[in-house]
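K.L.:
I have a structure here, written as structure tokens, and I will follow up with some questions on it.
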Amino acid sequence: MMLQDQIKWNKRKSYLLLFLVPTILLGLIYVTGRIFVPTASPFLILALGSGISTLYVLFSYFKSDEMILSVVGAEPADQEKHKQLYDLMEGLTISSGMPMPKLYIQDQKQINAFATGRKPEKGVICVTTGALDKLEKDELEGVLAHELAHIQNQDILFMTVAVALIGVISIISELLLHSMFFGAGNDETPPWAIAIGFALAILAPISARLVQLAMSRKREYLADATGAEITRYPEGLASALEKISQQNEKMKVNKSVSHLYFSNPFKSRNWFSTHPPTEKRIERLRLM
Amino acid sequence: MVLEFVALGIAGIAAAMTIYYYNKIVKLENRVDNAWAQIDVQLKKRADLVPNLMETVEGYMEHEREIMDNVSESREKMMNASTQEEEIQAGNDMGQALKSLFAVAEDYPDLKASQNFSELQQELSSIENKIAYARQHYNDAIMTFNNAIETFPAVIFANIFNQTEKSQLEIETADKELPEVDFSSE
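Protein chains in written order, with this note's numbering: chain A, 1 to 288; chain B, 289 to 474.
Written as structure tokens, this is what we have:
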């Protein structure tokens with residue numbers, strides 16, 4: 001299967017997820033509407049709510065790449081100084097038939113990397129100085145291929161939208177919960193709306209987040225596989241992951257961008273983790 | 289009446305399928321052409337570096353005439369190649385010739401110390417890497433094309449449009465690094 005076909009398949013699966021999370025959001029908006037303005041038409045509430053959410057998602061869709069690069073303090077990589085980085089990247093774009101992404105460098109001792117950009121033509125790949133210093137050529141190439149794979153599989157689009165939607169869900173749930181302490185609703189509010197509203201305010205953000213994280217972990221595996229298909233050398237990436245799991249430096253990153261990184265900066269591993277366990281990833285790569 | 293509708297329906301479906309498969313085959317063929325262009329670009333880039341390389345090694349490697357001639361000859365062949373096969377052959381020859389040149393260069397410390405030479409060596413090594421990737425991409429594109437025209441029902445349309453299977457390039461076992469051959473007699 002050529003990667004282009006894989007992207008198609010991947011897109012379809014993402015649509016399913018991007019359908020699930022908005023459904024949760026719409027349910028939340030509907031119930032919130034019934035609690036606070038039970039006399040207003042539910043359709044009006046839904047239209048208004050989804051309109052505002054869409055604006056929020058669009059804003060983060062168009063602005064997220066700039067924001068992320070400035071949050072982590074990444075600088076564009078110099079063509080002359082980082083010739084090897086550019087050479088390796090160019091080779092990978094030839095192999096995968098992708099456009100050349102912009103390259104950035106983040107001053108950070110820990111080995112890591114991330115990709116952003118809402119479509120392949122606007123792809124950005126950022127590596128830490130630690131990755132440049134500590135990884136061998138083949139390992140760095142494996143990491144770059146993994147990041148390029150994220151761009152190719154359109155993971156960034158998907159993650160940006162999912163994270164933005166979950167942001168909206170969290171805000172509404174927060175509001176709902178707080179207002180409940182002060183006795184939400186009025187005389188017209190149906191009692192069921194309060195009960196369901198309370199349950200949703202607690203469950204909606206958690207379930208939406210769990211769905212997103214599950215997909216995020218799947219996509220890490222997929223990016224590993226796609227990356228290995230680009231280099232035809234899974235060992236490069238496997239050995240880079242091994243180095244990463246042995247490093248001691250703690251990474252100082254904003255939690256809001258942790259899902260972007262090549263390997264989990266926080267080393268947690270459970271249902272609330274953005275990445276699958278590193279050993280599992282290495283094992284799968286070595287079996288390819 | 290019913291028969292006419294059925295006939296019309298069948299004709300419509302046949303027309304739609306023809307258009308669909310025609311476009312699909314054209315797209316995949318363009319992808320193959322584009323993939324070939326990538327190889328071509330890298331081969332030409334490498335060939336362009338050869339005169340510069342020859343000039344650099346000239347003073348040091350007088351005793352290695354044969355190896356130097358091999359490189360120059362492969363470049364000559366590449367420049368005169370009129371078919372894809374010739375170009376690929378010339379490209380393979382050049383790869384081999386450069387490989388032995390760099391292997392022999394290990395014997396010339398002065399040459400190795402020259403900054404010009406080490407820069408060229410690095411540049412050529414990175415182009416070598418890109419050529420390998422370009423070939424891989426080309427073969428992927430050909431495989432997709434072949435799969436597309438050999439599966440049913442596409443195979444029927446491929447026959448109508450006179451499309452036949454394309455052959456892949458032979459991939460040499462991937463050398464990730466330039467070989468470090470040591471001929472010194474220690």
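All residues carry an ideal CB built from backbone N, CA and C; glycine is no exception.
Could you check if residue 364 of chain B is buried or exposed, using at least 16 other CB atoms within 10 Å of its CB as the buried criterion?
P.N.:
By the 10 Å Cβ count, residue 364 of chain B comes out exposed.
K.L.:
Hey, could you find the ends of the alpha helix (DSSP H) residue 445 of chain B is sitting in?
P.N.:
Start and end: 442 to 448.
K.L.:
Using a Cβ-Cβ cut-off of less than 9 angstroms, list which residues of the stretch 90 to 120 of chain A approach chain B; keep chain order.
P.N.:
Against chain B - using a Cβ distance shorter than 9 angstroms - the residues of the stretch 90 to 120 of chain A are 90, 91, 92, 93, 94, 95, 96, 97.
K.L.:
To the nearest angstrom, report how far apart residue 211 of chain A and residue 17 of chain A are at their CA atoms.
P.N.:
Whole-angstrom Cα-Cα distance: 7 angstroms.
K.L.:
Within 10 angstroms of its Cβ, does residue 41 of chain A collect 16 or more other Cβ (buried), or is it exposed?
P.N.:
With fewer than 16 other Cβ atoms within 10 Å, it is exposed.
K.L.:
Exposed or buried, which one is residue 199 of chain A when buried takes at least 16 other CB atoms within 10 Å?
P.N.:
By the neighbour-count rule (16 or more Cβ atoms within 10 Å), residue 199 of chain A is not buried but exposed.
K.L.:
If the criterion is Cβ atoms closer than 8 angstroms, does the pair residue 15 of chain A and residue 112 of chain A meet it?
P.N.:
Cβ distance not < 8 angstroms, so residue 15 of chain A and residue 112 of chain A don't count as in contact.
K.L.:
Using three-state DSSP, classify residue 30 of chain A as helix, strand or coil.
P.N.:
Note: residue 30 of chain A maps to helix in three-state DSSP.
K.L.:
Who pairs with residue 115 of chain A in a beta bridge, going by DSSP?
P.N.:
DSSP, once it has assigned bridges, lists A:125 as partnering residue 115 of chain A.
K.L.:
State buried or exposed for residue 241 of chain A, treating a residue as buried only when at least 16 other CB atoms are found within 10 Å of its CB.
P.N.:
Buried, because 16 or more other Cβ atoms sit within 10 Å of the Cβ of residue 241 of chain A.
K.L.:
What are the residues that DSSP puts in a beta bridge with residue 234 of chain A?
P.N.:
Beta-bridge pairing links residue 234 of chain A to no other residue.
K.L.:
Could you give the distance in angstroms between the alpha-carbon of residue 182 of chain A and the alpha-carbon of residue 117 of chain A?
P.N.:
Going from the Cα of residue 182 of chain A to the Cα of residue 117 of chain A covers about 43 angstroms.
K.L.:
Since residue 144 of chain A is in the alpha helix (DSSP H), which residue starts that stretch and which ends it?
P.N.:
Here the alpha helix (DSSP H) through residue 144 of chain A covers 137 to 152.
K.L.:
For residue 259 of chain A, which option in A:245, A:274, A:247, A:246 has the closest C-alpha, if you only look at C-alpha atoms?
P.N.:
Answer by Cα proximity: A:274.
K.L.:
Assuming residue 101 of chain A and residue 175 of chain A form a contact by the criterion Cβ under 8 angstroms, report the distance between their Cβ atoms to the nearest whole angstrom.
P.N.:
Not quite, the Cβ-Cβ distance comes to about 39 angstroms (not below 8 angstroms), so this is no contact.
K.L.:
Please confirm whether residue 20 of chain A and residue 46 of chain A have their CB atoms less than 8 angstroms apart.
P.N.:
Contact: no.
K.L.:
Rounded to the nearest angstrom, what separates residue 447 of chain B and residue 306 of chain B at their Cα positions?
P.N.:
The alpha-carbon atoms of residue 447 of chain B and residue 306 of chain B are separated by roughly 12 angstroms.
K.L.:
What number of angstroms, rounded off, separates the C-alpha of residue 197 of chain A from the C-alpha of residue 159 of chain A?
P.N.:
C-alpha separation (whole angstroms): 27 angstroms.
K.L.:
Any C-beta of chain B sitting closer than 8 angstroms to the C-beta of residue 12 of chain A?
P.N.:
No, residue 12 of chain A does not count as interfacial toward chain B.
K.L.:
Measure from the C-beta of residue 87 of chain A to each C-beta in chain B and report whether the shortest distance is under 8 angstroms.
P.N.:
Chain B contact via Cβ: present.
K.L.:
Determine, using beta carbons only, whether residue 232 of chain A comes closer than 8 angstroms to chain B.
P.N.:
Chain B, which has a Cβ nearer than 8 angstroms to the Cβ of residue 232 of chain A, makes this yes.
K.L.:
CA-CA distance, residue 429 of chain B and residue 291 of chain B?
P.N.:
Each residue's Cα considered, the two are about 43 angstroms apart.
K.L.:
Considering Cα atoms alone, identify which of A:52, A:63, A:38, A:12 is closest to residue 370 of chain A.
P.N.:
No statement about residue 370 of chain A is possible, as the shown extent of chain A runs from 1 to 288 and does not include it.
K.L.:
Between A:164, A:125, A:161, which lies nearest to residue 145 of chain A when the distance is taken from Cα to Cα?
P.N.:
Considering only alpha carbons, the answer is A:125.
K.L.:
In angstroms with no decimal places, state the Cα-to-Cα distance between residue 75 of chain A and residue 367 of chain B.
P.N.:
Residue 75 of chain A and residue 367 of chain B: Cα-Cα distance of roughly 42 angstroms.
K.L.:
Taking the C-alpha atoms as reference points, what is the distance between residue 108 of chain A and residue 130 of chain A?
P.N.:
One C-alpha to the other measures close to 6 angstroms.
K.L.:
Where do the ends of the beta strand (DSSP E) carrying residue 106 of chain A lie?
P.N.:
Note, residue 106 of chain A: beta strand (DSSP E), 102 to 106.
K.L.:
What does DSSP give as the partner residues of residue 90 of chain A in its beta bridges?
P.N.:
DSSP, once it has assigned bridges, lists no residue as partnering residue 90 of chain A.
K.L.:
Could you name the residues of the stretch 415 to 435 of chain B whose beta carbon sits closer than 7 angstroms to any beta carbon of chain A, in the order they occur along the chain?
P.N.:
Under the 7 angstroms Cβ criterion, the stretch 415 to 435 of chain B contributes 417, 418, 421, 422, 424, 425, 428, 432.
K.L.:
Whole angstroms are fine: how far does the CA of residue 168 of chain A sit from the CA of residue 205 of chain A?
P.N.:
Answer to the nearest angstrom: the Cα atoms are 9 angstroms apart.
K.L.:
Going along chain A, which residues have a C-beta under 7 angstroms from residue 326 of chain B?
P.N.:
Chain A residues near residue 326 of chain B: 94.
K.L.:
Within 10 angstroms of its Cβ, does residue 300 of chain B collect 16 or more other Cβ (buried), or is it exposed?
P.N.:
With fewer than 16 other Cβ atoms within 10 Å, it is exposed.
K.L.:
Excluding the 5 residues flanking residue 378 of chain B on each side, which residues of the same chain have their C-beta closer than 7 angstroms to its C-beta?
P.N.:
Once the five neighbours on either side are set aside, the close Cβ partners of residue 378 of chain B are 362, 365, 366, 369.
K.L.:
State buried or exposed for residue 309 of chain B, treating a residue as buried only when at least 16 other CB atoms are found within 10 Å of its CB.
P.N.:
With 16 or more other Cβ atoms within 10 Å, it is buried.
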